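Asks: Protein chains in written order, with this note's numbering: chain A, 44 to 161; chain B, 13 to 274; chain C, 3 to 560; chain D, 187 to 538. Note that the Cβ used here is the ideal one computed from N, Cα and C, for glycine as well. These figures come from a predicted structure and were not determined experimentally. To start, I am sharing the structure in question, which I have written as structure tokens.
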Amino acid sequence: MAHETIHTDGTQDPMNVTNPEHAQRHIVTPLQYTYVFGTLLLFTGITIGVAYIDLKWANPVIALGIACFQATIGILFFMHVAYQSRLIKITIGVGFFLFLVLVTMTMGDYVSRAWGMW
Amino acid sequence: MDNALASTGLTTQPAPDPHPHETAVHAEHEHVALPQHRHHFETEEQQREAGSFGMWLFLVTEIMFFGGMFFAYLLYRNWYYPAFAAASSQLSVPLGGTNTAILITSGFCMALGVWAAEVRRRKMLVVTLILTTLFGLAFLGIKYDEYHEKYELHHIPGNNFNVSQFVNPAAYGIKEEPLAPDMAQKTQIFFFLYFAMTGMHAVHLIIGIGLLFWLTWRAHRGDFSSGYVAPIENFGLYWHFIDIVWLFLFPLLYLINRHPLH
Amino acid sequence: MSAAIGNTIVSLPDQSTAQIPRHNYINNEHGLLSWLLTSDHKRIAILYLISITFFFFIGGAFAGLIRLELLTPQPDLVSSDTYNKFFTMHGIIMIFLFLVPSVPATLGNFLIPIMLGAKDLAFPKINLLSWYLYMIGGTLTLTALVLGGVDTGWTFTTPLSTHYLNTHVITAATAIFVAGFSSIFTGLNFIVTIHRMRCPGMTWFRMPLFVWAHYAASLLMVLGTPVLAIALTLVALERLFGIGVFDPTKGGDPLLFQHLFWFYSHPAVYIMILPGMGVISEVISTFSRKRIFGYTAVAFSSVAIALFGFFVWEHHMFIMGVSSYSALVFSLLTMLVAVPSAIKIFNWTFTLQKGSITFETPMLYAFGFMGLFTIGGLTGIFLGSLGMDIHLTETYFIVAHFHFVMVGGMLMAFLAGIHFWWPKMTGRMYPESLSKLAAVTTFIGFNLTFLPQFILGYLGMPRRYHAYPPEFQVLNVLSTAGATVLGFGYMLPMLYLAWSLKYGAIAGNNPWQATGLEWQIQSPPLMENFIETPVMDHEAYDYEWLANKTRNEVTTVG
Amino acid sequence: MGLSPVLWQFLVKWLHSSSLFPTEASGISPYVDALYFFLVAMTVFGTALVAALLLAFSIRYRREKSPVATHVEGSTLLEATWTIIPLAIFLVAFVWGALLYFRIYNPPANAMNIYVVGKQWMWKAEHPGGQHEINALHVPMGQPVQLTMISQDVFHSLSIPDFRIKREVIPGRYSTVWFEATQPGTYHLFCTQYCGTQHSGMVGEVTVLTPEDYEKWLQQSTSGMSLAQNGERLFSSMGCNSCHNGTAAARGPSLAGVYGSKLTLTDGSQILVDDAYLRDTILNPSKHVTAGFAPIMPTYQGQMSEDGLIDLVEFIKNMQSNYRVQQTLVTAESGEAAPTTPPPGTTETGKP
């Protein structure tokens, strides 16, 4: 994908290896935004449609899957993370990871309560 | 220049503008206007990246904030699935779907706004910001309508919460399995979570709209038409984050079980 | 530099000629407004210092009243209601208004930018905002107090707090909510600053351990506090609308609150202790003229604590009917989180080896910290070990344990830091002999207060008891006696530090001959800290570098 | 001098009550104390070690002695040592503690059951024979006793330090703890979870009696009706028997001998019927409907006190046949209680 780039610094370092905290600045084009916009709308439609079909346990899984997909592209392009420094990618990762810790470890308690004491 | 932060940079580096202290103080007190460069940053690049990094950290705290409620939802949905299914079927998918579309659109406008700022088009920026605001308001309007309906049905959790619609749906012309009384009581928990989560989301929207007015005015003044994008960009992050929260809320709250099992 | 080999490293400029630098952050501007609207991290630090001291003494007053009531087994001093409000206020104020912001908001605020060679924190205005948030939180707490108090205990246990009390729970919850955001913003500011504002050459492994510790603590603040916020919001909503999310009769689960609350409140104890550990690293290194033994180990152990800190919250709920399987898991993780602290202790100890040790006041406090924190940490193992926890939890043993960590650990570290950096913050020295006296008094008083409580705990005296069986009286008397000594020990610094503001000896740039960047600039520092951006060309705690530097008399006095 | 009497009193008190450990009055106490001593030893050793090192270094390397510090970077070996050794000790504490935990919380099969209801601010013990006590608990010596506890309002926590046991008493859920008293006497019973104004007043006395004395006590303090008999009354007055009567036309499942059996629910899942399950089905019937029945049972949430629920649970537990249920069904019209109540103090009701 070709998009114009403004180099505010001399170092050409797209993988930001030498300085993981810095990424050169990209401008996402309206065209890309439109693609993303379309996709988001499309998948909203899909998620509603699927909800009316009985797929037993698969329903919530699909719904969440779609939501996660939408969130991902939203974060990557609307929020420019695709072009951000590794630092910011990691930060976001940590956020979601910790949310998962909260959910899984607490749920672990509730689920295993039913097992009683061996 | 940016190597000021590079772990390897050893080159000495005089501060770009060593103010006399008095002016330094003023530089600190005046609003982030042109020259947007704050004296305590080495470079403008450094300032921009610090800004967006800070914004992201803030959004991470938001994740944890909503996380608590998402977990409560997960727990009670597993405990009282029938109640959740029945209650969720009382929410209007058309309205919810429309709202989702509206919010996505407003997000799209915001994104265009960021682009407009990047390429320094003042008029376009103002227009997109206004559109963003309008879509945001539309969302709130529809939300208000939904809340109002719930209010009239006595589905607001609390003392005058009324479960009769779930115990005896037929009487209300609803084609749903009736819930046993004790399970019907649990719909209250669903509605609480519904109001808490969407309410918290709405609060964030309202704050966002407040900021939008301010930004629009400043954009109109031309603050962001000279390469100074940070405020627009960071607000964009906030706005998109709200959208994304909604993208989860919508299926979780509206679409639990739309195919009554027979 | 005092050439003769004395028992001190203090080297002050010639008092007859020396004077406080003409330009510095204190006299840079005048008038109350210039303080209330400042965005200079140093001034904000001072604002914090004043306000947390204020709240510390309020919280301390409540502690005094509690101990006074417990002097006798009978509930004779105050009514049960009042007593409950006392310990609730003591808890809320001490934890949310003193311990959490204590070191980070004062010393951290003051020093982190300087230690990194930056002019200020990344977001000066947000820094000021977080002070105002803190003050709003504090005011709300006092409001709750004035309106008639709140008696939930600082843990807000549901359904007690939601359905069975008619005190000002919501006010207090709001107060904590707001204060919480203050610490979120502080943490956020630190993280961004540490990532983004390091001066040239200041690599991660050249940062002082003080900064590492604050980095770890900030992570906890930013990631943990929002969960507390939402938990308290739910409590408030439950009270307002009775929506039953924590109410068993409506199908809610009270344990859910416990999970959310402790998910923050366990990491919170690391928020409280980590910055203190940072202070200790600086002090120990300076007064043994040696680089911290195993710098990287200490640095990483801070991060490890921050990481593990998020995986152990359920050990506050072992007897609360959680699943025994997850109890096992959390108990195991609790044992793991204890290890990094042990690592730190031993590294500090071995820093002394082959050092050249002097015993100024900060060092004495640091020694106090090492001893008391070791006890506090090890007694934590009692409570992490499932079977033992059953008997010990909710008794005075747990009270003694966390006071050893929080007061014996954090407060000692705080005082160590205040004394250590007092010359830098004010430009004047504190009176050495008096402060030594204070340090010793505090140490004795502390042990007298809290050692008996371990025994009380094992004897089974429950915490938060207004009246207790007479056979527990002797130990309680001892504890109260100790509390009196302790109180005296804390009064002293207040007085002589205030005195030193006017009469203290001029400190000069580097009274301790310490290596940190903050000691290479004038004290009190300039508005902008540095005249020109420094370049870090040596490791942290490099005393040879300092020796050369002083030999060549290259100093940057403004 | 005026202080001396006070001082004297203080010393006397000190001598009288200078115990460092509570008495070991239960079977588990020695095991708990063993772990405690181990941990104390660990603490003392650890602290002594650190203190000794600090002292030694402070003397050996004080500035007068060693004017110049020699630079030491660190030592991986040492780091490893003080990582692994503490970890090892902590893991011992973990395993030991875990074993103890399950020992304390898993009641033996032959434990006798006593119900405890916590409410602001009192303890109410209910013996199967119908003996009720407030802020007191009488138990036989040398006999495992299981407490099935529930709170009517907020979290409480039942703690008997001399038995080394403690367990949260939770609203809306049974929690259990057991002990075997080993020596007669009276011991403290505390509420250790802060539960409101009179928290410190929520204390009681546990009296351990020899089995004979215990029997005597049971005889004296009987209330005439066993829990099961109260339960039986409720069962008819609440109209449970109109559905759960084991007749062919019954709309509810027969409850005879249901306790301890495995039920199959409408969703096909299997569930073991215990006290907690019985209580929950009365309050949230539709959460688990027995296979082959419709979810028509109304909820009794808010209509029955925890005591009432305990009575019912106890009744259903001991219900061997539907004979007496059908009896009560018949006599229910004539408004009187069921005939022939067996002697109190025993837990059996209706003989087939």
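What residues of chain D sit near C/N9, judged by a beta carbon separation below 8 Å?
Replies: Numbered from its first residue, the third sequence carries residue 9 of chain C at position 7. Correct list: R248, R249, E250.
Asks: Residues in its own chain within less than 6 Å of C/P210 by CB, not counting five upstream and five downstream?
Replies: In the third sequence, counting from the first residue as 1, residue 210 of chain C sits at position 208. Hits under 6 Å: M117, G518, A542.
Asks: Excluding the five sequence neighbours on either side, which residues of its own chain have a C-beta within less than 7 Å of the C-beta of C/T353, listed in chain order?
Replies: One-based indexing of the third sequence puts residue 353 of chain C at position 351. The answer, listed in chain order, is I286, S287, S290, K292, I294, F295.
Asks: Closer than 7 Å by C-beta to C/F498: which residues in its own chain qualify, once you throw out the five before and the five after it? Chain order, please.
Replies: Your numbering for residue 498 of chain C matches position 496 in the third sequence. What sits at residue 498 of chain C in the sequence shown is Tyr, not Phe. For C/Y498, where only same-chain residues beyond five positions count, the Cβ hits under 7 Å are Y432, P433, L436, S437.
Asks: Does chain C have any CB closer than 9 Å to the CB of B/V72?
Replies: For this step, residue 72 of chain B is matched to residue 60 along the second sequence. Chain C, which has a Cβ nearer than 9 Å to the Cβ of B/V72, makes this yes.
Asks: Near C/A441, what residues of its chain come up, given a Cβ to Cβ distance below 6 Å and the 5 sequence neighbours on each side ignored?
Replies: For the purposes of this step, residue 441 of chain C is taken as the residue at position 439 of the third sequence. So the list reads T363, L366, Y367, once near-sequence residues are dropped.
Asks: For a contact defined as C-beta to C-beta under 7 Å, what are the partners of B/K198 on chain C?
Replies: To locate residue 198 of chain B, count along the second sequence from 1; it is residue 186. Residues of chain C passing the Cβ test: G253.
Asks: I want to see whether chain A comes within less than 9 Å of B/F83, judged by CB atoms only; does it?
Replies: For the purposes of this step, residue 83 of chain B is identified with residue 71 of the second sequence, where counting begins at 1. The C-beta of B/F83 comes closer than 9 Å to at least one C-beta of chain A.
Asks: In chain D, which residues lie less than 7 Å from B/A192 when you measure between Cβ atoms?
Replies: Within the second sequence, the letter at position 180 stands for residue 192 of chain B. P471, S472, P481, listed in chain order.
Asks: Ignore the nearest five residues each way along the sequence and tell me which others in D/M308's own chain have a CB closer than 6 Å to its CB.
Replies: Locating residue 308 of chain D in the fourth sequence gives position 122, counting from the first residue. Taken in chain order, the residues that qualify are I320, N321.
Asks: What is the rounded straight-line gap between the Cα of D/V302 and the Cα of D/I356?
Replies: Here residue 302 of chain D refers to the residue found at position 116 of the fourth sequence. Here residue 356 of chain D refers to the residue found at position 170 of the fourth sequence. Distance between the alpha carbons of D/V302 and D/I356 is about 11 Å.
Asks: Could you check what DSSP says for C/M412 in three-state terms: helix, strand or coil?
Replies: Within the third sequence, the letter at position 410 stands for residue 412 of chain C. Looking at C/M412 - three-state DSSP - the assignment turns out to be helix.
Asks: Could you give the DSSP three-state label for D/H505: helix, strand or coil?
Replies: Start at 1 with the first residue of the fourth sequence, and residue 505 of chain D comes out as number 319. The amino acid occupying residue 505 of chain D in the given sequence is Met; His does not appear at that position. Three-state DSSP puts D/M505 in coil, outside helix and strand.
Asks: Which bits of chain A does B/T1 rub up against, with CB to CB less than 8 Å?
Replies: No answer is possible for residue 1 of chain B: it lies beyond the span of chain B, which begins at 13 and ends at 274.
Asks: Taking only heavy atoms of the ligand GDP into account, decide whether any of them is closer than 8 Å to the Cβ of B/F253.
Replies: By its list of ligands, the structure shown contains no ligand whatsoever, and the ligand GDP lies outside what it can speak to.
Asks: What alpha helix (DSSP H) runs, 4 residues minimum, are completely inside the stretch 36-112 of chain C?
Replies: 43-71, 82-94
Asks: Is C/L334 close to chain A? Criterion is C-beta to C-beta, closer than 9 Å.
Replies: To locate residue 334 of chain C, count along the third sequence from 1; it is residue 332. For C/L334, the answer is no, since every Cβ of chain A falls outside 9 Å of its Cβ.
Asks: In the DSSP assignment, what are the bridge partners of D/W364?
Replies: Looking up residue 364 of chain D in the fourth sequence gives position 178. Note: D/W364 sits in a beta bridge opposite D/Q332.
Asks: Please list the terminal residues of the continuous alpha helix (DSSP H) segment that includes D/N299.
Replies: Residue numbering aside, residue 299 of chain D sits at position 113 when the fourth sequence is read from its first letter. Annotation for D/N299: no alpha helix (DSSP H) segment contains it, though the beta strand (DSSP E) segment containing it runs 298-305.
Asks: Under 9 Å between beta-carbons, which chain B residues line up against D/P484? List them in chain order, please.
Replies: By 1-based counting over the fourth sequence, the position of residue 484 of chain D is 298. Result: A192, P193, D194.
Asks: Residues of chain C with CB closer than 8 Å to the CB of A/V144, please, in chain order.
Replies: Along the first sequence, read from residue 1 onward, the residue named residue 144 of chain A stands at position 101. Near A/V144 (Cβ distances below 8 Å), the residues of chain C are F312, F313.
Asks: Answer with buried or exposed for D/L395, where buried requires no fewer than 16 other C-beta atoms within 10 angstroms of its C-beta.
Replies: Taking the first residue of the fourth sequence as 1, we reach residue 395 of chain D at position 209. Flag for D/L395 reads buried.
Asks: Which value, in whole angstroms, describes the spacing of the CA atoms of C/Y136 and D/P294?
Replies: Position 134 of the third sequence, counted from the first residue, corresponds to residue 136 of chain C. Position 108 of the fourth sequence, counted from the first residue, corresponds to residue 294 of chain D. So the alpha carbons of these two residues sit roughly 53 Å apart.
Asks: From the DSSP secondary-structure annotation, give me the bridge partner or partners of D/V325.
Replies: Translated into the one-based positions of the fourth sequence, residue 325 of chain D becomes position 139. DSSP output for D/V325 lists D/V394 as bridge partner(s).
Asks: Taking the alpha carbon of B/W251 as the point to measure from, which residue in B/T145, B/L86, B/G109, B/T73 has its own alpha carbon closest?
Replies: Position 239 of the second sequence, counting from 1, holds the residue named residue 251 of chain B. The candidate whose alpha carbon is nearest that of B/W251 is B/T145.
Asks: Which of the three DSSP states is assigned to D/R543 in this structure?
Replies: Because chain D spans 187 through 538 in this model, residue 543 of chain D falls outside it and cannot be assessed.
Asks: Would you tell me roughly how many angstroms separate the C-alpha atoms of B/H31 and B/L261, rounded to the nearest one?
Replies: If you number the second sequence from 1, residue 31 of chain B lands on position 19. If you number the second sequence from 1, residue 261 of chain B lands on position 249. Here B/H31 scores only 39 on pLDDT, less than 50, and its place in the model should not be relied on; the value that follows carries that caveat. For B/H31 and B/L261, the distance between alpha carbons rounds to 50 Å.
Asks: Would you please verify whether the beta carbon of B/M122 is less than 9 Å from any beta carbon of chain A?
Replies: The residue you call residue 122 of chain B lines up with position 110 of the second sequence. Yes, its Cβ sits closer than 9 Å to a Cβ of chain A.
Asks: Using beta-carbon positions only, say whether A/F112 and A/Y76 come within less than 9 Å of one another.
Replies: For this step, residue 112 of chain A is matched to residue 69 along the first sequence. For this step, residue 76 of chain A is matched to residue 33 along the first sequence. Not a contact, by the Cβ cut-off of 9 Å.
Asks: Return helix, strand or coil for B/E164, following the three-state DSSP convention.
Replies: The sequence position of residue 164 of chain B within the second sequence is 152, counting from 1. If DSSP states are grouped into helix, strand and coil, B/E164 belongs with the helices.
Asks: Does the Cβ-Cβ distance between C/P250 and C/G189 come in under 9 Å?
Replies: Start at 1 with the first residue of the third sequence, and residue 250 of chain C comes out as number 248. Start at 1 with the first residue of the third sequence, and residue 189 of chain C comes out as number 187. Cβ atoms of C/P250 and C/G189: not closer than 9 Å.
Asks: Does D/R353 get closer than 9 Å to chain C when you measure Cβ to Cβ?
Replies: In the fourth sequence, counting from the first residue as 1, residue 353 of chain D sits at position 167. It does: the Cβ of D/R353 has a partner Cβ on chain C nearer than 9 Å.
Asks: Please state the DSSP three-state secondary structure of D/S212.
Replies: Taking the first residue of the fourth sequence as position 1, residue 212 of chain D is located at position 26. Looking at D/S212 - three-state DSSP - the assignment turns out to be strand.
Asks: For the putative contact between B/L152 and B/A231, defined by C-beta atoms under 8 Å, what is the C-beta separation to the nearest angstrom?
Replies: Sequence index remark: in the second sequence, residue 152 of chain B carries index 140 (1-based). Sequence index remark: in the second sequence, residue 231 of chain B carries index 219 (1-based). The Cβ separation is near 22 Å, so there is no contact.
Asks: How many angstroms separate the CA atom of B/P193 from the CA atom of B/V179?
Replies: Stepping through the second sequence from its first residue, residue 193 of chain B is reached at position 181. Stepping through the second sequence from its first residue, residue 179 of chain B is reached at position 167. Cα-Cα distance, rounded: 6 Å.
Asks: Round the Cβ separation of D/L495 and D/I468 to the nearest angstrom and send it over; I've been treating them as touching at under 8 Å.
Replies: Counting from 1 along the fourth sequence, the entry for residue 495 of chain D is found at position 309. Counting from 1 along the fourth sequence, the entry for residue 468 of chain D is found at position 282. With 8 Å as the limit, D/L495 and D/I468 qualify as a contact, their Cβ atoms being about 6 Å apart.
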